[in-house]
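Everything on this sheet refers to the single structure shown next.
In our numbering, the protein residues as written are 77 to 292.
Below you can see the structure in the form of C-alpha cells.
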C-alpha cells in the first residue's frame, strides 16, 4: 500500500496541469473543525459539498517546496494545479519520505491475510483486549536497556526497572525545528508542514500540504 501511495504522489506531481479550471480569486484555505474521517490521498474527503475547490492563483509565483515527503509532494501538486511555478527539492535520491521505509516493513502483507475485513471500528475493541494481557506504563521515560529489562524514570522522577528479556524499540521521531526557524524570514510566505512542523501522520501531512498551497 505504501509503495502504491508513493507512486500515486509521483504520478500526480508529474502530470499536474499548469492551469486549473475556474474563476481566479484570492482563495483563503478553510480550517473548519470537523469530525469527518480524513484520507491519505484526498484532503477534502467528506467535505465535497463545501465548495472547497482548487482555483487558479490570481498572481503566479515561483514556489519552492523543501522536502519530497507526502506533505511536500501534495503541496507541490496543489501549487502546480493553481498555476504556480513549482521547484521541489529533496535531499534523497528519490521522493516519498517515510513512505519509502513503510513499504519495507515485512508484516504489512500479513494484515490483509489475518484481518481482511478489519476497519477503524475494531480499534477500541482491540485496545481492550490488549489491556487484558499487557501491562502499560505511561509517563515513563526510557533511560537505558540492561540485561534485566529497561531502566526508566517515572512521573515522580524515580528510577524504575521495567523487567523483560526482549526489547522492541518504538521511539518515534522529533522535528528539526532549527532548520525551519532559520528559513521563516527568507520569503514573503513560509509555511512549515509535515514532520518539520510536528511529527504526525501521513494523513495530516497531506492535509497541511494541501492548505499551505491554497494560501499562497
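We put the beta carbon where it would ideally sit given N, CA and C, even for glycine.
Beta-carbon to beta-carbon, residue 162 and residue 152 are separated by about 5 Å, close enough to satisfy the 8 Å threshold. Excluding five sequence positions before and after residue 270, the CB atoms of its chain that fall closer than 6 Å to its own CB belong to 145, 147, 281, given in chain order.
Taking 4 residues as the shortest admissible run, the region 130 to 205 contains the following complete alpha helix (DSSP H) segments, listed from N- to C-terminal end: 146 to 157, 175 to 178, 184 to 190. When C-alpha distances from residue 266 are compared across 288, 114, 253, the shortest belongs to 288. When DSSP states are grouped into helix, strand and coil, residue 231 belongs to the coil group. Each residue's CA atom was taken as its position, placing residue 136 and residue 291 some 13 Å apart.
In the structure shown, residue 257 falls within a helical segment according to DSSP collapsed to helix, strand and coil. Excluding residues up to 5 positions away in sequence, 163 lie with their Cβ nearer than 6 Å to the Cβ of residue 140 in the same chain. Of the residues 285, 216, 278, the one whose Cα lies closest to the Cα of residue 178 is 278. The shortest C-alpha to C-alpha distance from residue 249 to any of 234, 276, 228 is the one to 276. Rounded to whole angstroms, the gap between the alpha carbons of residue 239 and residue 208 is 18 Å.
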